[in-house]
Amino acid sequence: MIRAGAPMQPNQYRDIRLEKLDKLKALGLDVWPRKAKRTHGIAQLAEIYADAEAWPNEKLEGLGMTASVMGRVLTIREMGKSVFAHLTENGEKLQAFFRKDDVAEPGWDVLKLLDMGDFVSVTGPLMRTKTGELSVRVKEVQFLSKALLPLPEKWHGLQDKEQRYRQRYLDLISNGDVLKTFQTRSRIVSGIRRFMEGQGYLEVETPMMQPIPGGATARPFITHHNALDMSLYLRIAPELYLKRLIVGGFEKVFEINRNFRNEGLSVRHNPEFTMMEFYAAGQDLRDMMALTEDLISGLARDVMGSETLPWGEQPISYAKPFRRLTLKDAIAEYGHIDRHLLEDGDSVRALAKAVHIEDAGAKTVGTLLGDLFEHHAEKQLIQPTFITDYPIELSPLTKTLEGDDRFVDRFELFTGGMELANAYSELNDPVDQMGRFQAQMAERDAGNDEAMLLDMDFVTSLEHGFPPCGGEGIGIDRLVMLLTNSASIRDVILFPLMRPTKPSETEEKE
RNA sequence: GGGCCCUUAGCUCAGCGGUAGAGCAGCGGCCUUUUAAGCCGUUGGCCGCGGGUUCAAAUCCCGCAGGGCCCA
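If you count by the numbering used here, then the first sequence holds residues 2 to 511, one letter each, in order.
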């Protein structure tokens with residue numbers, strides 16, 4: 002596969018196009034000019050003169066304007082002594098109309114050597130064709146860049162998913178929706194930054210390489226620092242560092258950056274993924290909920306244009322307020338299970354065994370409640386729903402509920418059947434925190450290699466005084482999936498992780 | 001990790017024991033308002049890789065690689 006990508010291998014297409022390049026040089030052209038002649042962007046012209054009734058051909062010609070636009074040649078339709086071509090720039094298209102009698106030398110010869118995929122700049126007045134399409138009547142052509150390899154098929158685009166991910170640039174060129182999705186992702190992320198800054202949060206950066214990976218339960222990637230001769234871990238979460246900043250006196254901080262978790266791939270998981278975490282001194286879980294609703298419904302409205310957006314077969318409403326449900330109530334409702342059975346350890350264990358949950362005999366009741374929730378409820382939570390009152394075993398960094406120390410003041414937001422956000426009233430009692438870490442270490446000794454490691458410096462920071470604090474993480478990739486109706490996380494990550502097609506050169510050297 | 005499926009021309013796909021096919025793209029013609037332009041002609045293939053079965057394998061069997069979907 003991907004033979005066309007093999008660099009500089011002899012290839013029918015490359016050879017012919019290299020010959021054309023020589024012919025262009027022979028015409029005396031600078032075939033790799035340093036700058037494009039351009040007075041307007043294609044999007045700009047397409048927008049201003051979009052309305053065919055407001056801008057009929059006579060009126061366009063009456064403007065007496067000359068525009069220069071640059072773009073990649075997407076299609077060429079040759080009609081004897083005239084040629085139509087579509088140029089594309091930034092996802093927008095504009096037609097160029099060449100007539101042999103109109104084009105100044107050596108324009109017509111250049112045209113004969115033009116291929117789909119090349120870049121050109123064209124100059125001329127605007128016009129509208131018989132069929133009403135806005136076009137540039139080309140008087141002058143500037144050749145900008147030769148594509149030596151052909152574009153994917155113009156009608157079907159690039160379909161092969163493997164090649165779409167491996168050669169994302171081809172996917173972006175030939176599948177218009179893909180470029181739109183990633184442009185939208187960019188707008189969503191900048192919308193998030195605007196919102197957070199508007200709420201008084203400061204963006205900070207904390208270590209991606211950590212000596213002790215903390216803040217989440219997950220297997221880390223490990224790497225090595227040569228000069229210090231030490232192991233380092235790619236972070237699984239920034240949490241413990243952001244909290245140190247709260248200790249240090251920041252009131253509100255957020256970070257949007259990559260986390261790395263050494264786990265499998267799926268339509269919802271990529272080993273590196275983007276997360277926003279934020280912390281606000283003096284606040285609690287209720288404040289995090291309100292902010293989350295404001296943020297997400299605001300993004301739906303302001304970036305996507307509606308609080309109700311399509312998601313597969315079923316639209317999702319991001320209108321406030323989102324539904325709230327305790328973990329146990331969610332199990333009861335979606336699993337059609339008598340609520341009272343969830344209050345008793347033996348019956349919880351029996352329910353877990355009934356649905357074949359692994360090690361159901363050995364796990365704690367709280368852990369089993371988490372498993373039952375995942376089994377019965379998670380996939381069914383399509384509309385945004387805050388799940389609250391998590392078992393303490395699943396939440397080593399969270400304050401307990403008032404009056405019930407088996408459960409903690411935490412929510413996870415589920416949407417489209419996915420975990421989208423996770424928030425706590427942060428644990429700030431250093432003695433309690435030390436005990437929770439010890440419980441995690443015991444779990445680790447018992448064989449759970451995802452259990453948290455003790456970070457003594459973090460505990461020390463709490464001992465210097467940590468205010469009450471609300472904290473939350475929001476999965477940015479999943480948020481983009483939801484807002485753009487993308488079924489796979491690979492459709493919202495530009496370069497998802499792929500196995501190499503053959504051993505890389507660095508590996509061969511080692 | 002388990003199950004199912006895919007891999008054939010640059011791209012999109014047929015073909016499923018008997019000489020390797022189509023559309024688009026390319027190349028050569030015709031055509032001065034086309035838009036999946038049209039018409040005539042034409043080049044292009046380690047049928048993912050390696051074994052096997054067979055007189056004969058793209059096609060059947062086994063293994064490997066890469067990918068996809070579902071489940072855990």
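We put the beta carbon where it would ideally sit given N, CA and C, even for glycine.
What is the DSSP secondary structure of residue i, counted as helix, strand or coil?
| i | result |
| --- | --- |
| Asn58 | helix |
| Leu64 | coil |
| Asp110 | helix |
| Ala5 | Low per-residue confidence applies at Ala5: pLDDT is 41, beneath 50, and the placement is therefore not dependable enough to give any value. |
| Met117 | coil |
| Glu508 | Confidence in Glu508 is poor, its pLDDT being 32 and thus under 50, which makes the residue's placement unreliable; the coordinate value appears in the next sentence. In the structure shown, Glu508 sits in a helix (DSSP, three-state: H, G or I). |
| Tyr425 | strand |
| Asp410 | strand |
| Ala105 | coil |
| Ser298 | helix |
| Ile17 | helix |
| Ser69 | strand |
| Tyr280 | strand |
| Met499 | coil |
| Ile494 | coil |
| Val268 | coil |
| Lys82 | coil |
| Arg324 | strand |
At the level of alpha carbons, what is the spacing between residue i and residue j?
| i | j | result |
| --- | --- | --- |
| Ala440 | His270 | 28 angstroms |
| Arg411 | Asp405 | 13 angstroms |
| Asp116 | Val84 | 13 angstroms |
| Ala422 | Leu480 | 9 angstroms |
| Pro34 | Gln96 | 23 angstroms |
| Trp109 | Leu149 | 21 angstroms |
| Ala353 | Val366 | 10 angstroms |
| Arg169 | Ile494 | 10 angstroms |
| Pro501 | Arg259 | 22 angstroms |
| Glu444 | Leu266 | 25 angstroms |
| Glu308 | Lys24 | 56 angstroms |
| Ile247 | Phe467 | 7 angstroms |
| Val268 | Gly418 | 12 angstroms |
| Asn12 | Val304 | 44 angstroms |
| Leu484 | Asp456 | 36 angstroms |
| Val356 | Gln381 | 17 angstroms |
| Thr399 | Arg407 | 11 angstroms |
| Leu369 | Leu243 | 30 angstroms |
| Arg491 | Lys82 | 45 angstroms |
| Ala5 | Asn486 | For Ala5, the predicted model reports a pLDDT of 41, less than 50, meaning its position is unreliable; a value from the coordinates is still stated below. Using only the alpha carbons, I get a separation of about 32 angstroms. |
| Thr89 | Thr76 | 10 angstroms |
| Ser505 | Leu498 | Caution applies to Ser505, whose pLDDT of 35 falls short of 50 and renders its modelled position unreliable; the value that the coordinates give is listed next. One C-alpha to the other measures close to 15 angstroms. |
| Tyr14 | Arg39 | 29 angstroms |
| Ile317 | Asn91 | 29 angstroms |
| Leu286 | Pro392 | 16 angstroms |
| His337 | Ala351 | 15 angstroms |
With DSSP as the reference, please indicate the residues paired to residue i in a beta bridge.
| i | result |
| --- | --- |
| Leu310 | Ile317 |
| Ser136 | Gln96 and Met128 |
| Glu405 | Looking at the sequence shown, residue 405 is not Glu but Asp. BP columns for Asp405 point to Leu402. |
| His226 | Met231 |
| Ile358 | None; Ile358 has no bridge partner. |
| Gln211 | Tyr234 |
| Thr275 | Arg259 |
On a Cα-Cα basis, can you pick out the residue from the options that is closest to residue i?
| i | options | result |
| --- | --- | --- |
| Val432 | Tyr202, Leu414 and Glu464 | Glu464 |
| Glu413 | Met453, Glu359 and Gly472 | Gly472 |
| Asn429 | Ser175, Ala281 and Ala37 | Ala281 |
| Thr275 | Ile237, Phe251 and Asp288 | Ile237 |
| Ser232 | Asp390, Tyr242, Asp110 and Ile213 | Ile213 |
| His225 | Leu328, Gln211 and Glu198 | Gln211 |
| Arg262 | Phe255, Glu256, Lys253 and Glu273 | Glu273 |
| Arg18 | Val111, Leu310, Thr182 and Tyr242 | Val111 |
| Pro107 | Asp119, Val123 and Leu300 | Val123 |
| Ile388 | Ile332, Glu252, Thr76 and Tyr242 | Ile332 |
| Lys36 | Gln13, Asp16, Pro126 and Val121 | Val121 |
| Gly201 | Ser175, Val254, Asp161 and Arg165 | Val254 |
| Ala363 | Gly346, Arg195, His377 and Phe374 | Gly346 |
| Val190 | Val409, Gly476, Leu64 and Lys60 | Gly476 |
| Ile257 | Met197, Tyr234 and Ala219 | Met197 |
| Phe374 | Lys400, Ala361, Tyr335 and Arg350 | Tyr335 |
| Gly250 | Pro469, Arg491 and Leu30 | Pro469 |
| Gln315 | Glu278, Pro385 and Leu328 | Pro385 |
Going along the chain, which unbroken runs of the beta strand (DSSP E) with 3 or more residues stay wholly within the stretch 368 to 402? Listed in chain order, they are 386 to 392.
Which residue spans inside the stretch 138 to 187 form an unbroken beta strand (DSSP E) run of at least 3? Within the stretch 138 to 187, the beta strand (DSSP E) runs of at least 3 residues that lie entirely inside it are, in chain order, 141 to 146.
Report the residue ranges of all beta strand (DSSP E) runs contained in full by the stretch 435 to 479; include only those spanning at least 3 residues, in chain order. Contiguous beta strand (DSSP E) elements confined to the stretch 435 to 479 occur at 470 to 476, taking only those with 3 or more residues.
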